[in-house]
Amino acid sequence: MRIELQKRPEGSRLFSFLSPLLALALTLFFGGIMFWMLGKNPVDALYSFFIEPLLEVWSLHELAIKAAPLILIAVGLSVCYRSNNWNIGAEGQFTIGAITGSILPVLYPEWHSPMILPLMLIMGMVGGALYAGIPALLKTRFNTNEILTSLMLVYIAQLYLDWLARGPWRDPQGYNFPQSRSFVPEAVLPEILDSGRAHLAIVFAVVAAVALWFMMRFMLKGFEVTVLGQSERAGRFAGFSARRMVWFSMLVSGALAGLAGISEVSGSIGHVQPTISPGYGFTAIIVAFLGRLNPLGIVASGFVLALTYLGGEAAQLSIGISDKVSRVFQGLLLFFVLSCDTLIHYRVRIVTQKLTGGTARHA
Amino acid sequence: MLEAILLTVITAATPLVIAALGELVTERSGVLNLGVEGMMIMGAVSAFAATQITGSPYIGVLAGIAAGGAFSLLFGFLTLTLVANQVATGLALTILGLGLSGQLGESFVGQPGIKLQPIVVPLLSDIPFMGRLLFQQDLIFYLSIALVVGINWFLFKSRTGLKMRAIGDNHASAHALGINVIRTRYLAVMFGGACAGLAGAQLSLVYTPQWVENMTAGRGWIALALVVFASWRPLRLLAGGYLFGAVSIGQLHAQAFGIGIPSQVLSALPYVATIVVLIIISHNRRTTLINTPASLGKPFVPER
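Put into structure tokens, the structure is as follows:
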């Protein structure tokens, strides 16, 4: 028995819609098996993991809070991946964005002005973009692999944040806790509804997604991204520059990751501390693929992945399963998404013919 | 003093060398597996768990190898059989490995581990200085050297090695010559996985005999950079591995001495070094092109 693939003349529309759903179903199925192996009732466990968080208003707010950075980062990454630039260091750009955005509230705590918040957001975006500019510069100037450099920069950014929060930025009145002073109210991202904590970041995320969707769908730049990603040679004939595309895609994704970083610190945390992200920058990679690298799809998949974070916390409380389960779910989900995507471009046949003596073919 | 430092350099370099060597073979066959970090951490947790359960670190080593190999099959199935994107699948392997190992290892956190004991080679270990460094080591160190020499011979002196390099350079031609591309790639991917698993076992049985979540700390990624640094040659890889081992140990010693530099700056050194090395190696486009296996990362669907 073997599996044979037959290339479809063009991608199947049916499967490009079905494949993420199929992947979700498979993840739930295998997740159920995993819970069963941990000695829990799979139905109860899945219920408290994926349904319970959706039943209360406050946890819907938490869902929006967690979905916002995932969506912001992932729509930026989708531009990168579509143009064949493999930025996997969004976690680092997120961290640097949080740092540069926090310069004003941490260093000028006396400054109460409505100007401070927009400035912080801009500085966060600039910081994230500049940090993503490093792998872009290295790729265009020195031909260096951006996968490895952007990832190494994640570790460096995290250590830098750790140093700041424990060292120069530590709150002098903070009883030696490794965190900065709390932001003044003017520097905190406002909540959008009275019913809970969800703040403006989710609005930024949706706006960014719609803007990039518009660009990819209706603007020449979007076409350029797609063409250069599929064939650099074809792009060159069209007069597009692959080098400029490296810069464009990296700066866009870096700026969005930076915006996510400062929004998280300003809206959800309220001060700078050594760890600010439960791996949003890496989870966003899954979000991007689950959304089929389409900005609108990413909005949906961002909520799905946010649910795995929330579900992990909920399951820890209600059925005593470690919240590490959520990372297993995320990994499984990406695997199934990638395998199901095969169905879009190929017809899969399982061949069970027996090989007979004379006509044996090389497998 | 020097001896003690060199001993720790060897211990730090060994997992890098082994993991990178496995990836080197995988990449020579034309497959880019970015999941080294994930396979390595699975190897580390499995080796530690098996050792705690059976009490024998040698069974732990075997468990590490088996876990890495098995985990890599997942990657193989997706990228070779289902022709999924290799970059994305490798990332998935890393994410899944980090999550799964945290889950599996949870009950082992804080348990004192059992260290893999050195094997003293008679006579040779009596050589002053060198004997102590090279012939009173554990099994995994000896394996790492044997693997480097063996793979170097395999790639450049054996027929199968030649075929494998042919696949890595042009899978269509190799296929036309009747070489089984997919099967060879499966084997190369599994070898890479087994090596990453062995490297992980070294971390949880020799380097720091305990289980800590995320204990690979980016070593899998540094191993990937090492392959580029070595321009896909095993002997250069050995040198590069020891260079990186020296950097990571050097910063630990500097931290211990407490020379007025923040510890975070020193901890960042191995990662900075990786970037610097990548710049130096890659900046000459032509030599990079010559050295890189030409079909690296490209999907292959056999025409029937």
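Top line first, the protein sequences correspond to chains G and A. 381 is the number that the numbering used here gives the last residue of the first sequence; the numbers go up by one with no jumps. 1705 is the number that the numbering used here gives the last residue of the second sequence; the numbers go up by one with no jumps. Every residue gets a Cβ at the ideal spot worked out from N, C-alpha and C, and that includes glycine.
- Residue environment: Ala183(G) is assigned as buried (16 or more neighbouring CB atoms within 10 Å of its CB, all protein chains considered).
- A Cβ-Cβ separation of about 6 Å places Ser1430(A) in contact with Thr1585(A) under the 8 Å criterion.
- In this structure Gln1504(A) is buried. Its beta-carbon is surrounded by 16 or more other beta-carbon atoms within 10 angstroms.
- The way I'd put it, the region 1625 to 1643 of chain A doesn't touch the region 1442 to 1452 of chain A; fewer than three beta-carbon pairs between them come closer than 8 Å.
- Between Gly1601(A) and Gly1436(A) a beta carbon distance of about 12 Å is seen, past the 8 Å cut, so the two are scored as non-contacting.
- Under the Cβ distance rule, Glu1507(A) counts among the residues neighbouring chain G, one pair being separated by less than 9 Å.
- At a cut-off of 9 Å, the C-beta of Asn1486(A) has a neighbouring C-beta in chain G.
- The Cβ of Ala1626(A) sits closer than 9 Å to at least one Cβ of chain G.
- Exclusion of the five residues before and after Val1462(A) leaves Ala1448, Leu1517, Leu1540, Ile1541, Leu1599, Ala1602 and Leu1606 as the residues of its chain whose Cβ lies within less than 8 Å of its Cβ.
- Just so you know, the alpha carbons of Gly1511(A) and Pro1610(A) end up roughly 11 Å apart.
- Judged by DSSP secondary structure, Leu1540(A) falls within the alpha helix (DSSP H) whose first and last residues are Leu1540 to Lys1558.
- When rounded, the separation of the alpha-carbon atoms in Ile1460(A) and Gln1453(A) is 10 Å.
- When DSSP reads this structure, Gln24(G) sits in a beta bridge with Arg365(G).
- It is roughly 8 Å from the alpha-carbon of Arg159(G) to the alpha-carbon of His1684(A).
- Within the region 1670 to 1697 of chain A, those residues whose Cβ lies closer than 7 Å to any Cβ of chain G are, in chain order, Tyr1672, Val1673, Thr1675, Ile1676, Leu1679, Ile1680, Ser1683, His1684, Arg1686 and Thr1689.
- Remark: C-beta atoms of Leu1483(A) and Ile21(G) approach each other more closely than 9 Å.
- Ala1489(A) belongs to the set of residues whose beta carbon lies under 9 Å from a beta carbon in chain G.
- Collapsing the DSSP output to three states places Glu74(G) in coil.
- The shortest CA-to-CA distance from Ser357(G) to any of Leu1403(A), Phe1478(A), Thr1415(A) and Leu1578(A) is the one to Phe1478(A).
- In the displayed model, Ile1528(A) falls within coil according to three-state DSSP, outside both helix and strand.
- In the structure shown, Ile1580(A) falls within a coil segment according to DSSP collapsed to helix, strand and coil.
- Leu1625(A) is the residue among Val1648(A), Leu1625(A), Gln1537(A) and Leu1667(A) whose C-alpha sits nearest the C-alpha of Val1488(A).
- Here Val1613(A) carries a coil assignment [DSSP, helix/strand/coil].
- In chain order, Ser340, Lys342, Arg345 and Val346 make up the part of chain G whose C-beta sits under 9 Å from the C-beta of Gly1503(A).
- The residues Ser1545, Cys1596, Leu1599 and Ala1600, in chain order, have a CB closer than 6 Å to that of Ile1419(A) in the same chain once the five nearest residues on each side in sequence are set aside.
- Cβ-Cβ distances below 6 Å link Glu242(G) to Phe258 in the same chain, with the five nearest sequence neighbours on each side left out; the list follows chain order.
- Neighbours of Thr162(G) in chain A, taken as residues whose beta carbon is under 7 Å from its own, are Leu1679, Ile1680 and Ser1683 in chain order.
- DSSP lists Gln1538(A) as the bridge partner or partners of Ile1520(A).
- Note on Gln191(G): under 16 other CB atoms within 10 angstroms of its CB, so exposed under the neighbour-count rule.
- Under the DSSP definition of a beta bridge, Glu209(G) partners with His217(G).
- Distance from the CA atom of Ala1493(A) to the CA atom of Phe236(G), rounded to whole angstroms, is 31 Å.
- Annotation: the continuous alpha helix (DSSP H) that includes Leu1625(A) extends over Arg1620 to Phe1630.
- In summary, Met138(G) is buried, with 16 or more beta-carbon neighbours lying within 10 Å of its beta-carbon over all protein chains present.
- With respect to Gly1593(A), Asn1486(A) sits apart: the two C-beta atoms are not nearer than 9 Å.
- DSSP places Tyr1643(A) inside the alpha helix (DSSP H), whose first and last residues are Pro1635 to Phe1658.
- In this structure, DSSP gives Gln1665(A) a helical state, which the three-state scheme calls helix.
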